[in-house]
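Engineer:
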Amino acid sequence: MRSLHSARPDAPATRCPGLHADARTFPKNTTMNEAPDELDRTLHALWGHLGGGLSPAAQMLAWSDWAIHLATQPGRAVRAGIDGAVVQAPDPAHEPRLSGGEWDAWPFSFYRQAHEAAAHRLRTFIHGVPGVDRHHEQLVAFLARQWLELLSPANGAITNPQVLRKAAATGGTSLANGAMHWLEDAGRAAWGPPPAEAASFRPGHEVALTPGKVILRNELIELIQYAPATPTVHAEPVLVVSAWIMKYYVLDLSPHNSLIRHLVAQGHTVFAISWKNPGAADARLGMAEYLRLGIMASLDAVEAVLPARRVHAVGYCLGGTLMAIAAAAMARDRDGRLATLTLLAAQTDFTEPGELGLFIDESQLAFLEDIMSRQGYLDARQMAAAFQALRPGELLWAPLVRNYLLGERVPMNDLMAWNADGTRMPYRMHSDYLRSLFLDNALAEGHYLVDGRPVSLNDIDVPVFALGTRTDHVAPWRSVYKVNLLCDTEVSFVLTEGGHNAGILSEPGHPHRSHRVLKRTKNAPYLAPDEFLARSQETTGSWWPCFQQWLADHSGPRRRPPAMGSPRRGYPPIGDAPGTYVLAR
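With this note's numbering applied, the sequence shown covers 512 to 1096.
1) Go to W988, then tell me how far its alpha helix (DSSP H) extends in each direction, as first and last residue.
2) Taking DSSP's pairing of strands, which residues face Q736 in a bridge?
3) Quick check on the burial criterion: 16 or more other C-beta atoms within 10 angstroms. Buried or exposed for Y759?
4) Using only alpha-carbon positions, find the residue among T1032, R1031 and L916 that is nearest to K1097.
5) Please name the residue in A569, D872 and E880 whose C-alpha comes closest to that of M936.
6) State the start and end residues of the unbroken beta strand (DSSP E) segment that holds E747.
7) When the Cα atoms are used, what is the spatial distance from G797 to A808?
8) Quickly, what does DSSP pair M936 with across the bridge? List them, please.
9) In the DSSP assignment, find the alpha helix (DSSP H) that holds E1049 and state where it starts and stops.
10) So, L901 versus E866, is the Cβ gap smaller than 7 Å?
11) Measure the CB-CB distance between T1007 and H984 and report whether it falls below 7 Å.
12) What are the complete beta strand (DSSP E) segments, minimum 3 residues, inside the segment 751-836?
13) State whether the segment 721-739 contacts the segment 1018-1033, with contact taken as three or more CB pairs (one from each stretch) at a distance under 8 Å.
14) Buried or exposed, going by whether 16 or more other CB atoms sit within 10 Å of the CB of H767?
15) Looking only at its own chain, which residues have a Cβ that is under 7 Å from the Cβ of P987, when we skip the five neighbours before and after it?
16) From what residue to what residue does the beta strand (DSSP E) around A850 run?
17) So what does DSSP say about R519, is it helix, strand or coil?
18) How far does the beta strand (DSSP E) with G979 in it reach, from first residue to last?
19) Considering only residues of the same chain and omitting the five flanking positions on each side of C998, which have a CB-CB separation below 8 Å?
20) How big is the Cα-Cα spacing for M1075 and G689?
21) In angstroms with no decimal places, state the Cα-to-Cα distance between K1033 and N995.
22) Which class does S1077 belong to by DSSP, given the choice of helix, strand or coil?
23) I need the DSSP call for M543, collapsed to helix, strand or coil.
24) Looking at the strands, I want to know which residues DSSP matches up with L960.
25) Which residue comes first and which comes last in the alpha helix (DSSP H) that contains T681?
26) Leaving aside the five residues before and after P641 along the sequence, list all residues of the same chain whose C-beta is less than 8 Å from its C-beta, in chain order.
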């Protein structure tokens, strides 16, 4: 099985052939017997677009489970009613938008108190009902939170004191500006172009500026080799694997906050995978193809440029999970090309996946697969809606109020522009990922198959650098920390301030950043997360220097930089960084 190199059809074969996914059924020409199934898929896809992608069956199961148990325990219901009737003080943690002096004046204080009382009463009824499935309770609480956030007085033009004050001060101009913003955004939502301000952050012009060359292009990735910036470099190169749910240049944003540029400036030879933005024709690409055409093909190319050099593998988010799978398969197969493994906000055990677990059960996945089967992929806007629903007050309603009621536009920055530059996910890959990892937790439980045989993270024997971010809602740090349960090798765990993206972009000099680190030696006893917090010391500043020093400590003597690509071995430079795949929308 050969890698699909654009310049050489006979490029070297990968070291891990046969990374085949399990057989699955995909949409095809419909026969008479298949027509009912096709009708069901069409109806599910239509409902998915109207209902935000949530399975109505999953919602009904959750509500009925909760309602039946509550109805059969009248004493519990009465006690909840009494407890819920107690007047509560304002809770900024529940609705921070209702805090501040303006909300202390009447009638806004009354609006706030009524909203808080309703929220408190609802939470009292929902939580702690004996017998209710935990997942169902969480889903009911999630759905109730959506309604509470919708009905918040902060969302009303006549119930929000800030909106009224701004309208009075501007003579209504703020509301007129908001109406214009709404018309502009509605047009963009209908036709699909990104925000106009995002044009000021174009890959290769304002962002993704670290110099380099594309040395490999296949049907799934472009591999970038970055040009050296120092007279000598560390012996072992670094391969950066970002998540395919995002454009890779989150790790190469502006020059001041580019992790890739920072590593290059410190004398590391860096390669990075830029994933293709797939379309309907790529529906059959699964996890096996992402391993074979992504990671293994990249390792082949790095080996061609730097023969007999081991590689520092760095995986971020889903890219880290995929890199962990590849590392386990390589360890099983005695492939010794890795020097270290770094997992940035990447989960390997999905028993506590965080709030995204609300969307993962058998009913929801079957429903989602029908939606994806109609288009061949999961659209970036559909994914964005799911993330917004996890924190609706902060990510949905607050921006709507600011844009349309206050008439304000938050100035676009590089991270916001990158976030608007979304990607799609192929039907097969996303289904494989959600079922095998989120639903079945196959990797942690030892039955995830690569090339038809299971892999175990316990086989990994290279040093591991694992990082979690304290306020991560996508990959909670305590979930990321579970790699300590699955690996007996040396593990250095770092906990940094910030969220899933902002915590990673913590360049030296970034304000309000700190981190703590603790190293566990090979075969040392396990430390629980709370023990980690107790034993580690908080250090002010960025975690980047700590990471770079860790890489240097696990590298050999510095040498002359390598050439760009390896034409003789089938990997000539075929274009400048950031390449072409990153530009596809």
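C-beta atoms are modelled at their ideal positions from N, C-alpha and C, and glycine is treated no differently.
Model, not experiment: these values are computed from the prediction.
Structural biologist: Let me lay it out:
1) Within the sequence shown, the letter at position 477 stands for residue 988. For W988, the uninterrupted alpha helix (DSSP H) segment begins and ends at W988 to V991.
2) The residue given as residue 736 occupies position 225 in the sequence shown. Note: Q736 sits in a beta bridge opposite K724 and F782.
3) Taking the sequence shown and counting its residues from 1, one reaches residue 759 at position 248. Looking at its Cβ environment, which holds 16 or more other Cβ atoms inside 10 Å, Y759 is buried.
4) What is shown of the chain runs 512 to 1096, which leaves residue 1097 out entirely.
5) What you label residue 936 is simply residue 425 of the sequence shown in a count that begins at 1. Put simply, of A569, D872 and E880 the residue whose alpha carbon is nearest the alpha carbon of M936 is E880.
6) Here residue 747 refers to the residue found at position 236 of the sequence shown. Counted as a single uninterrupted DSSP element, the stretch harbouring E747 is not any beta strand (DSSP E), since DSSP gives it neither H nor E.
7) Reading the sequence shown from its first residue, position 286 is the one you call residue 797. Reading the sequence shown from its first residue, position 297 is the one you call residue 808. Going from the Cα of G797 to the Cα of A808 covers about 15 Å.
8) The residue labelled residue 936 in the question sits at position 425 within the sequence shown. M936 pairs with L889.
9) Along the sequence shown, read from residue 1 onward, the residue named residue 1049 stands at position 538. No alpha helix (DSSP H) holds E1049; the beta strand (DSSP E) holding it covers E1049 to T1051.
10) For the purposes of this step, residue 901 is taken as residue 390 along the sequence shown, with counting starting at 1. For the purposes of this step, residue 866 is taken as residue 355 along the sequence shown, with counting starting at 1. A contact, by the Cβ cut-off of 7 Å.
11) Translated into positions along the sequence shown, residue 1007 becomes position 496. Translated into positions along the sequence shown, residue 984 becomes position 473. It is not a contact, given that the beta carbons lie outside the stated cut-off.
12) Counting whole runs of 3 or more residues, the segment 751-836 contains the beta strand (DSSP E) stretches 781-786 and 822-827.
13) no
14) Indexing the sequence shown from 1 puts residue 767 at position 256. It is exposed - the Cβ of H767 has fewer than 16 other Cβ atoms within 10 Å.
15) In the sequence shown, counting from the first residue as 1, residue 987 sits at position 476. Hits under 7 Å: E863 and G865.
16) As a position in the sequence shown, residue 850 is number 339, starting the count at 1. Start and end: L849 to L855.
17) Counting from 1 along the sequence shown, the entry for residue 519 is found at position 8. Confidence in R519 is poor, its pLDDT being 37 and thus under 50, which makes the residue's placement unreliable; the coordinate value appears in the next sentence. It is coil, neither helix nor strand.
18) What you label residue 979 is simply residue 468 of the sequence shown in a count that begins at 1. Per DSSP, G979 belongs to the beta strand (DSSP E) from V975 to T980.
19) Locating residue 998 in the sequence shown gives position 487, counting from the first residue. For C998, where only same-chain residues beyond five positions count, the Cβ hits under 8 Å are L968, N969, I971 and V975.
20) Here residue 1075 corresponds to residue number 564 of the sequence shown, with the count starting at 1. Here residue 689 corresponds to residue number 178 of the sequence shown, with the count starting at 1. Their Cα atoms are separated by approximately 51 Å.
21) Within the sequence shown, the letter at position 522 stands for residue 1033. Within the sequence shown, the letter at position 484 stands for residue 995. The alpha-carbon atoms of K1033 and N995 are separated by roughly 10 Å.
22) For the purposes of this step, residue 1077 is taken as residue 566 along the sequence shown, with counting starting at 1. S1077: strand per DSSP, three-state reduction.
23) In the sequence shown, residue 543 corresponds to position 32, counting from 1. With a pLDDT of 43 at M543, under the threshold of 50, the modelled position of that residue is not reliable, and no figure is offered here.
24) Counting from 1 along the sequence shown, the entry for residue 960 is found at position 449. In DSSP, L960 forms a bridge with P965.
25) To locate residue 681, count along the sequence shown from 1; it is residue 170. Counting along the chain, the unbroken alpha helix (DSSP H) around T681 starts and ends at P672 to T681.
26) Within the sequence shown, residue 641 is the residue found at index 130, counting from 1. Closer than 8 Å at Cβ, skipping near neighbours: H580, Q584 and R587.
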